[in-house]
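J.: Provided herewith is a single structure, encoded as structure tokens, for subsequent inquiry.
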Amino acid sequence: MISIQGKGVSSGVGVGPLYFYHRTKTEIPRYTVTDPDAEWHRFKGAQTAAIEQLGELAEKARAEAGDEAAMLFETHQMMAEDLDYEEAISDHINNEKMNAEAAISDTAVQFAAMFESMDDSYMQARAADVRDVSDRILGILSGAVQGGIASDVPVLLAADDLAPSETVQLDKSKILGFITAGGSGSSHTAILARTMGIPAIVGVGDALKPEYEGRSCIIDGATGNVVIDPDDMTRDYLLKKREEQLRLQRLLETLKGQPNVTKDGKSIRIYCNIGSPDDVHAVQVNDGGGIGLFRSEFLYLNSPDYPTEDQQFEAYKKVLADMGGKEVIIRTLDIGADKQIGYFNLPKEDNPAMGMRALRICLTRPEIFKTQLRALYRASAFGKLGIMFPMVTSVWEVREAKKYCEEVKRDLKAEGIPFAEDVQVGIMIETPAAAIMSDRLAKEVDFFSCGTNDLTQYTLACDRQNNDLGRFYDPHNPAELEKAGKLKAVITQNIDGLHQAAGSKEVLELHGSVHRNYCMKCGKSYDAEYMLHAEGVPTCSCGGRIKSDVVLYEEGLDMTVMARAIQAIQDADMLIIGGTSLIVYPAAGLIDYYRGNKLVVINMSVTSQDKNADLVIQEPIGKVFAGI
Numbered sequence: 010m011i012s013i014q015g016k017g018v019s020s021g022v023g024v025g026p027l028y029f030y031h032r033t034k035t036e037i038p039r040y041t042v043t044d045p046d047a048e049w050h051r052f053k054g055a056q057t058a059a060i061e062q063l064g065e066l067a068e069k070a071r072a073e074a075g076d077e078a079a080m081l082f083e084t085h086q087m088m089a090e091d092l093d094y095e096e097a098i099s100d101h102i103n104n105e106k107m108n109a110e111a112a113i114s115d116t117a118v119q120f121a122a123m124f125e126s127m128d129d130s131y132m133q134a135r136a137a138d139v140r141d142v143s144d145r146i147l148g149i150l151s152g153a154v155q156g157g158i159a160s161d162v163p164v165l166l167a168a169d170d171l172a173p174s175e176t177v178q179l180d181k182s183k184i185l186g187f188i189t190a191g192g193s194g195s196s197h198t199a200i201l202a203r204t205m206g207i208p209a210i211v212g213v214g215d216a217l218k219p220e221y222e223g224r225s226c227i228i229d230g231a232t233g234n235v236v237i238d239p240d241d242m243t244r245d246y247l248l249k250k251r252e253e254q255l256r257l258q259r260l261l262e263t264l265k266g267q268p269n270v271t272k273d274g275k276s277i278r279i280y281c282n283i284g285s286p287d288d289v290h291a292v293q294v295n296d297g298g299g300i301g302l303f304r305s306e307f308l309y310l311n312s313p314d315y316p317t318e319d320q321q322f323e324a325y326k327k328v329l330a331d332m333g334g335k336e337v338i339i340r341t342l343d344i345g346a347d348k349q350i351g352y353f354n355l356p357k358e359d360n361p362a363m364g365m366r367a368l369r370i371c372l373t374r375p376e377i378f379k380t381q382l383r384a385l386y387r388a389s390a391f392g393k394l395g396i397m398f399p400m401v402t403s404v405w406e407v408r409e410a411k412k413y414c415e416e417v418k419r420d421l422k423a424e425g426i427p428f429a430e431d432v433q434v435g436i437m438i439e440t441p442a443a444a445i446m447s448d449r450l451a452k453e454v455d456f457f458s459c460g461t462n463d464l465t466q467y468t469l470a471c472d473r474q475n476n477d478l479g480r481f482y483d484p485h486n487p488a489e490l491e492k493a494g495k496l497k498a499v500i501t502q503n504i505d506g507l508h509q510a511a512g513s514k515e516v517l518e519l520h521g522s523v524h525r526n527y528c529m530k531c532g533k534s535y536d537a538e539y540m541l542h543a544e545g546v547p548t549c550s551c552g553g554r555i556k557s558d559v560v561l562y563e564e565g566l567d568m569t570v571m572a573r574a575i576q577a578i579q580d581a582d583m584l585i586i587g588g589t590s591l592i593v594y595p596a597a598g599l600i601d602y603y604r605g606n607k608l609v610v611i612n613m614s615v616t617s618q619d620k621n622a623d624l625v626i627q628e629p630i631g632k633v634f635a636g637i
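Following the working numbering from start to finish, the sequence shown increments by one per residue and tops out at 637.
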């Protein structure tokens, strides 16, 4: 059995033979042209054909995965005819006398490098989109045939990476999941996989070797684990997990249309995030209670110039009207740092993440800010609107932004333009400064929204989307909590050693461990690997029988371990009970030693301690911690 760890980007378990994606390789010809005009016309012809193909892909994606997936290819269409992109190709052809293929290739490299140099993972992922669009145009010029799957049976697809267009064109009846060497959770391919319900893992690097092709494989898109030639125990576990996931998915479908009320009778609001008016359809079909974040910056990112007040008004109005009175929270312009827009002409900064971005731009360029605010307040007449300011670091910023809101409302009233008087104003808590002074900021606004990405980055000095930094930014991993002095001990009835494998040091194994084995005659130690491959009854070199350090029925527990467990529970401020029904004694009785007032129970079924708990989560513990 071979285990490979990647980054899970689309949950689900896929089981089947491993198949490597076969992509047609095209050599890029390079030569000097004598007729640049003819070469430019060659490019324009291929560009037009590519745009037509992308339109067809958009319709295919819309039919198979909805409007959000279709928008990916509509964005690719705009990218293919982007003026900066065209200008760079034209410069290569006309000034450097390059052939069209070489000009497109060099421009793709240039633009991809520009995106990859940005700090934001979303913008970094756009490098793959540039390459995809350029490869399509190059393929048309060369007459290359699209790659694909030559398998007669469903497979787990392995590739160095997959472009969105390649993903959409795959025969879904033959795809059980896919694994890529590169990629990120923010890539359009990952987004497509989640939308289409295909288990997917990225970032496995060179661990996936060509000689593995055709071998039995299981992937877990939630944990990022790839297992080749799984043993029976692993296979059974993951198959059961898949069945449980399918059961829960069927259960979730039955909950559509029902009120969002907890078991103790508390109503909660479940909202969705969108990037364009076209995303509203996905909110509606998934029974979203509202929109918690409309990223208005995409209106700017997808426009060749500042979107006008009327253009913004129409977009905001459409979303509010389509949501039929449900709350819509629209974030004001959030660009700068990694989201650079050429026509803003922002100065180059050595550390843009700390520089001119988001609300700072709005407050220093009031003409842009007021245009957006006018469009927002005009749209408020067509639904329930909330306005939210990003990247707040001080009370002064909030008060200045609110002054502009009041100024805009006075102007609209004077002009006789209708707007809602009850528009709520909120801020994003995504800087340590905002978090620290949240009590003061709360007096200035109607609501908060926690921006966990930037807040994590600024607090830990880590980009959580960076694959290379994964082990540094997981603050909820028990091992990381332990290192931070927040977790004192893991008390478990398990005997598999998985907590130690995850990095935990203080693990109190009440029932022992299969990883510790000893000779009953001479006391010599043996590991689990020796026991696994021993024939018959495991025997020591001295002739004695080897026994696992596991507590069997009618055997007593290790009282030293029990005493340490009791002490840890007595000293705990918070006790989390997970993955146990609390019916196995004496371990279940350890709860009686807890003296704190923060008891959390995570278990699939009801336990005897649910009534005493401050928080009860009836879900698989692995799912709960994976989603934190």
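Ideal placement from N, C-alpha and C gives every residue a C-beta, glycine not left out.
When the Cα atoms are used, what is the spatial distance from A97 to M10?
T.: Start at 1 with the first residue of the sequence shown, and residue 97 comes out as number 88. Start at 1 with the first residue of the sequence shown, and residue 10 comes out as number 1. Spanning the two alpha carbons is a distance of roughly 50 Å.
J.: Given this structure, state the Cα-to-Cα distance separating E175 from A330, to the nearest angstrom.
T.: For this step, residue 175 is matched to residue 166 along the sequence shown. For this step, residue 330 is matched to residue 321 along the sequence shown. Cα-Cα distance, rounded: 35 Å.
J.: By a C-beta neighbour count over all protein chains shown, 10 Å radius and 16 as the cutoff for buried, is Q267 buried or exposed?
T.: Here the question's residue 267 lines up with position 258 in the sequence shown. Q267 should be labelled exposed.
J.: By the DSSP assignment, the alpha helix (DSSP H) with A434 in it spans what residues?
T.: Position 425 of the sequence shown, counting from 1, holds the residue named residue 434. Checking the sequence, you will find Val at residue 434 rather than Ala. Run containing V434: none in the alpha helix (DSSP H); it sits in the beta strand (DSSP E), Q433 to I438.
J.: According to DSSP, is F428 helix, strand or coil?
T.: For the purposes of this step, residue 428 is taken as residue 419 along the sequence shown, with counting starting at 1. In the structure shown, F428 adopts coil according to DSSP, grouped into three states.
J.: Looking only at C-alpha atoms, which of V24, V164, Y325 and I630 sits nearest to N612?
T.: Taking the sequence shown and counting its residues from 1, one reaches residue 612 at position 603. The residue with the shortest Cα to Cα distance from N612 is I630.
J.: Within 10 Å of its beta-carbon, does Q119 have 16 or more other beta-carbons around it, so buried, or fewer, so exposed?
T.: On the sequence shown, residue 119 is found 110 positions in, with the first residue counted as 1. So Q119 counts as exposed.
J.: Between the segment 511 to 525 and the segment 566 to 583, do three or more beta carbon pairs fall short of 8 Å?
T.: With the rule of 3 Cβ pairs closer than 8 Å, the segment 511 to 525 counts as touching the segment 566 to 583.
J.: Is the number of C-beta pairs between the segment 198 to 207 and the segment 217 to 227 that are closer than 8 Å three or more?
T.: no
J.: Note down the Cα distance separating D273 from L385, rounded to an integer number of angstroms.
T.: Within the sequence shown, residue 273 is the residue found at index 264, counting from 1. Within the sequence shown, residue 385 is the residue found at index 376, counting from 1. Distance between the alpha carbons of D273 and L385: 37 Å.
J.: Under DSSP, the beta strand (DSSP E) around M397 begins and ends at which residues?
T.: By one-based count along the sequence shown, residue 397 stands at place 388. K393 to F398 is the extent of the beta strand (DSSP E) around M397.
J.: Closest to L302 by CA distance: which of P316, H290 and C281 is it?
T.: To locate residue 302, count along the sequence shown from 1; it is residue 293. Of P316, H290 and C281, the residue nearest in Cα terms is C281.
J.: For the beta strand (DSSP E) containing C459, name the first residue and the last one.
T.: As a position in the sequence shown, residue 459 is number 450, starting the count at 1. Unbroken beta strand (DSSP E) run through C459: F456 to C459.
J.: In angstroms, rounded to a whole number, what distance separates the CA positions of V154 and I188?
T.: Counting from one through the sequence shown, the residue named residue 154 turns up at place 145. Counting from one through the sequence shown, the residue named residue 188 turns up at place 179. Residue confidence is low: V154 scores 49 on pLDDT, short of 50, so the model does not pin down where it sits. No coordinate-derived value is stated.
J.: Hey, A111 and A89 are a contact pair by Cβ (cut 8 Å); roughly how many whole angstroms apart?
T.: Reading the sequence shown from its first residue, position 102 is the one you call residue 111. Reading the sequence shown from its first residue, position 80 is the one you call residue 89. That pair is no contact at about 18 Å.
J.: Less than 7 Å between the C-beta atoms of I300 and V337, yes or no?
T.: In the sequence shown, the residue the question calls residue 300 occupies position 291. In the sequence shown, the residue the question calls residue 337 occupies position 328. Yes, they are a contact pair.
J.: Should M437 go down as buried or exposed, given a rule of 16 or more other Cβ atoms within 10 Å for buried?
T.: The count along the sequence shown starts at 1 and reaches residue 437 at position 428. With 16 or more other Cβ atoms within 10 Å, it is buried.
J.: Would you call the segment 524 to 533 and the segment 548 to 568 in contact, with 3 or more CB pairs under 8 Å?
T.: Touching, yes.
J.: Just the Cα atoms here: how many angstroms apart are G722 and G230?
T.: Nothing can be reported for residue 722, as the shown portion of the chain is limited to 10 through 637.
J.: DSSP beta-bridge partners for L517?
T.: Taking the first residue of the sequence shown as 1, we reach residue 517 at position 508. In DSSP, L517 forms a bridge with I500.
J.: What does DSSP give as the partner residues of Y28 in its beta bridges?
T.: The residue given as residue 28 occupies position 19 in the sequence shown. DSSP lists L166 as partners of Y28.
J.: Does C414 come out as helix, strand or coil in the three-state DSSP assignment?
T.: If you number the sequence shown from 1, residue 414 lands on position 405. DSSP places C414 in helix when its eight states are reduced to three.
J.: Can you name, in chain order, every residue of its own chain whose Cβ lies under 6 Å from the Cβ of T243, other than the five neighbours on each side?
T.: Residue 243 sits at position 234 when you count from the first residue of the sequence shown. Taken in chain order, the residues that qualify are V236.
J.: Can you list, in chain order, the residues of its chain with a C-beta nearer than 8 Å to that of N605? Leave out the 5 residues immediately preceding and following it.
T.: By one-based count along the sequence shown, residue 605 stands at place 596. The question names Asn, yet the displayed sequence has Gly at residue 605. These residues qualify, in order along the chain: A581, D582, M583 and L584.
J.: State the DSSP-derived secondary structure class of C371, mapped to helix, strand or coil.
T.: Translated into the one-based positions of the sequence shown, residue 371 becomes position 362. If DSSP states are grouped into helix, strand and coil, C371 belongs with the helices.
J.: Rounding to the nearest angstrom, what Cα-Cα distance links A47 and H101 in this structure?
T.: Reading the sequence shown from its first residue, position 38 is the one you call residue 47. Reading the sequence shown from its first residue, position 92 is the one you call residue 101. Computed Cα separation, rounded: 14 Å.
J.: Let me confirm a value: R387 is counted as buried when at least 16 other C-beta atoms fall within 10 Å, else exposed. Which label applies?
T.: Residue mapping note: residue 387 aligns to position 378 of the sequence shown, counting from 1. With 16 or more other Cβ atoms within 10 Å, it is buried.
J.: List the whole-angstrom C-beta distance separating V5 from R449, where the pair is believed to meet the contact cut-off of C-beta under 8 Å.
T.: Residue 5 lies beyond the range of the chain shown here (10 to 637); nothing can be said about it.
J.: What does DSSP give as the partner residue(s) for Y304 in the beta ladder?
T.: Looking up residue 304 in the sequence shown gives position 295. The displayed chain sequence assigns Arg, not Tyr, to residue 304. Partner(s): R340.
J.: My output table needs one value for I200: the three-state DSSP class, helix, strand or coil.
T.: As a first step, residue 200 must be located in the sequence shown, where it is residue number 191. Looking at I200 - three-state DSSP - the assignment turns out to be helix.
J.: Taking DSSP's pairing of strands, which residues face D229 in a bridge?
T.: Numbered from its first residue, the sequence shown carries residue 229 at position 220. In DSSP, D229 forms a bridge with V22 and N234.
J.: With respect to the alpha helix (DSSP H) encompassing K327, which residues constitute its N-terminal and C-terminal limits?
T.: Sequence index remark: in the sequence shown, residue 327 carries index 318 (1-based). Secondary structure note for K327: its alpha helix (DSSP H) is the uninterrupted segment E318 to D331.
J.: Please report how far the alpha carbon of A216 lies from the alpha carbon of G191, in whole angstroms.
T.: The count along the sequence shown starts at 1 and reaches residue 216 at position 207. The count along the sequence shown starts at 1 and reaches residue 191 at position 182. Each residue's Cα considered, the two are about 11 Å apart.
J.: Which of helix, strand or coil does DSSP assign to A209?
T.: The residue given as residue 209 occupies position 200 in the sequence shown. If DSSP states are grouped into helix, strand and coil, A209 belongs with the strands.
J.: Just the C-alpha distance for S557 and A543, rounded to the nearest angstrom, thanks.
T.: The residue you call residue 557 lines up with position 548 of the sequence shown. The residue you call residue 543 lines up with position 534 of the sequence shown. Distance between the alpha carbons of S557 and A543: 13 Å.
J.: Taking the C-alpha atoms as reference points, what is the distance between I13 and N234?
T.: Locating residue 13 in the sequence shown gives position 4, where the first residue counts as 1. Locating residue 234 in the sequence shown gives position 225, where the first residue counts as 1. Distance between the alpha carbons of I13 and N234: 6 Å.
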